[in-house]
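As you go down the protein sequences, you meet chains A and B in turn. What the first sequence shows, in the numbering used here, is residues 1 to 81, in sequence order. What the second sequence shows, in the numbering used here, is residues 1001 to 1383, in sequence order. Encoded as structure tokens, the structure appears first; notes follow it.
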Amino acid sequence: MSTFDEVRSIASDIFGVASAKLSADSSPDNIESWDSFQHLNLVLALEEKFGAQLSPEEIEQMKTLGATAALIDAKLQASSR
Amino acid sequence: MAIVIQPYRQEHESAVQEFNRRLQRSGDPNLVFSQSCVPRWLPPANDNPVWNEFYVAVDSSRPELSVRGAYGLKQEALFVRGKGVQRIACYHHPLSEGIVDRAFTSVGMLLARDALARQPYLYALGMGGSETPIARMLKALGFSLAAIPFYFRVVHPAKFLREMQALREKSWRAMLMDVAAVSGTGWLAIKTAQAVASSHGEALNFAVEEVGEFSDWADELWNRAKENVSAATVRDARTLRLLYPANIGNNIATKIATTRHLRVSRDGSAIGWAVVGIRRKDAKYGTMRVGSIVDCWAMPENAIAVIRAATQALENDRADLIVSNQSHRIWCSALEKSGFLKGPTNFVFAASKKLTELLRPIEENRESLHITRADGDGLPVNF
């Protein structure tokens, strides 16, 4: 399973939207339930799943699911070096 | 967008006004942050034990200064039995542009996390219930939530029933059903319930004196009674003088409401104190004049005398209804024995993980925490 698929699966649970309806371009602009509270839940779920703490700068980069997956990928690669 | 959270300074004030204007477009007049970087209430000053400080979330990706969020921290000291005094802070008035613009959904959590980083021993109070966005967010961040009991005493039942039924306040109506008050017997039901409650009173012998300012006698009371609580924000004379300054009633320019400070004594010695006030008009209570027992302190055996003194003062001040939020079982019991009924509460105490750890075992200690309307950001106008 790719990082994007894992992020999409988590987002699907949190936003209550079927995975098939979520794409790399999914964002608060086109996912109705992606509000401040669910954004927090997404951050907390990703931190738990990937064992990483996201900084304020990184949280701001989470504008779309694609950007979020790319961010997680970069963090995982950095930590494995 | 690149958000940087920093202390609110004068150079941010015009950007905060713009921020307020954008929030106001939501139609909620309460979405306003302080236009002044210097808190009107409890501004920081040398060596003060309690003070307020403000922070703003600045959008550094914009060429012009843009504020996307803001919050306040009330820095104070908490006495914890067996553990001494710990610095803590109240997280209050968090406002995020995410409320009106989805481009800023992350700001709300950035504010809360920034506050936690500045003071891990953090709490929030009130919040309008445990299901509001702020309460849910804090819960997700690991805060423990507890409802603080709410008590009320109806001084003028006919007016109370008229107003409450006209307002169709659901939570109140549900409670009134319990005392069969929505029927024609409502007036009698309330009087009866209150009379039964207050019949538990023992012979009380006390004198009440209104004082301008708290002095050494309040220190003695603080030191004598603090071991009876599991925790309380420090209420020594110095702190009380900051929270309840002598000239508070005259301070119209700052819109600070009037509170009265009551020294309760027996045989000339202080046995407790209470702070009472008439609340601002609130649509929730219609045209009723609502008195509040804002704060109080005494040894457990004198709690009833203090509540009776506070109640008398507010009744003399023509209150139609008297309300109080109290967490400590001694004060809850004193209210119940003084004719107060328990009502629906939306006053919630949220403690961060670190603070919860400090108050451990919180399940056992919760009912001996001393939390009132004076804690948090309730003063000086929302008591």
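Cβ coordinates follow ideal geometry from the N, Cα and C atoms, glycine included. Remember, it's a predicted structure, so these values are computed and weren't measured experimentally.
The C-beta of residue 1287(B) has fewer than 16 other C-beta atoms within 10 Å across all chains shown, which makes the residue exposed. No residue range can be given for residue 1379(B), since it is assigned to no beta strand (DSSP E) and is classified by DSSP as neither H nor E. For residue 7(A), no CB of chain B lies under 9 Å from its own CB, so it is not counted at the interface with that chain.
Residue 1028(B) holds the alpha-carbon nearest to the alpha-carbon of residue 1100(B) among 1028(B), 1365(B) and 1072(B). Only residues of its own chain outside the window of five on either side were considered, and among them 1265 have a CB closer than 6 Å to the CB of residue 1207(B), listed in chain order.
For residue 10(A), no Cβ of chain B is located within less than 9 Å of the residue's own Cβ. Here the alpha carbons of residue 1296(B) and residue 1131(B) stand approximately 29 Å from one another. Nearest to residue 1306(B) by C-alpha distance, out of 1240(B), 1038(B) and 1261(B), is 1261(B).
A Cβ-Cβ contact shorter than 9 Å links residue 63(A) with residue 27(A).
Look at residue 1342(B) here: in three-state DSSP terms it is strand. Sequence-distant partners of residue 1077(B) (beyond 5 residues in either direction) whose C-beta falls short of 8 Å from its own C-beta, in its chain, are 1049, 1050, 1085, 1086, 1087, 1088, 1233, 1234 and 1239. Residue 59(A) has a beta carbon lying within less than 9 Å of a beta carbon in chain B. Assignment of residue 1270(B) by DSSP, reduced to helix, strand and coil, places it in the strand class. Residue nearest to residue 1267(B) within the set 1205(B), 1275(B), 1237(B) and 1213(B) is 1205(B) (criterion: CA-CA distance). Counting only residues of its own chain and dropping the five nearest sequence neighbours on each side, residue 1246(B) has a CB closer than 6 Å to the CB of 1212 and 1213.
Around the beta carbon of residue 1259(B), 16 or more other beta carbons sit within 10 angstroms, so the residue counts as buried.
Chain-ordered, the chain B residues with CB closer than 7 Å to the CB of residue 43(A) read 1109. Around the beta carbon of residue 76(A), a 10 Å sphere encloses fewer than 16 other beta carbons of the protein chains shown; the residue is thus reported as exposed.
Residue 3(A) places its beta carbon 9 Å or farther from that of residue 45(A).
By the Cβ neighbour-count rule, residue 1035(B) is exposed, with fewer than 16 other Cβ atoms within 10 Å of its own. A buried status is given to residue 1127(B), since no fewer than 16 other beta-carbon atoms sit within 10 Å of its beta-carbon. Annotation for residue 25(A): 64 and 66 place their beta carbon closer than 7 Å to its own, counting only its chain and skipping 5 residues before and after. Contact between residue 1109(B) and residue 40(A) is confirmed by a C-beta separation of about 4 Å, below the 8 Å threshold. Taking 9 Å as the cut-off, the beta carbon of residue 1333(B) is found no closer than this to the beta carbon of residue 1310(B). Residue 39(A): member of the alpha helix (DSSP H) spanning 36-50, first to last residue.
Among the residues of chain B, none has a CB under 7 Å from the CB of residue 13(A); the nearest is roughly 14 Å distant. Contact of residue 1003(B) with chain A by beta-carbon distance below 7 Å involves 56 and 60. Chain B has a Cβ within less than 9 Å of the Cβ of residue 35(A).
For residue 1021(B), there are no C-beta contacts with chain A under 8 Å, since the nearest C-beta of that chain is about 20 Å from it. With a threshold of 9 Å between beta carbons, residue 1133(B) makes contact with chain A. The C-beta of residue 40(A) comes closer than 9 Å to at least one C-beta of chain B. With a beta-carbon spacing of about 22 Å, residue 1291(B) and residue 1271(B) fall beyond the 8 Å limit used to define contacts. Per the C-alpha coordinates, the member of 1113(B), 1161(B) and 1375(B) positioned closest to residue 1138(B) is 1113(B). Assigned with DSSP and collapsed to three states, residue 1016(B) falls in helix. Taken through DSSP and simplified to helix, strand or coil, residue 1241(B) comes out as helix. Per DSSP, the continuous beta strand (DSSP E) segment holding residue 1086(B) begins and ends at 1084-1096.
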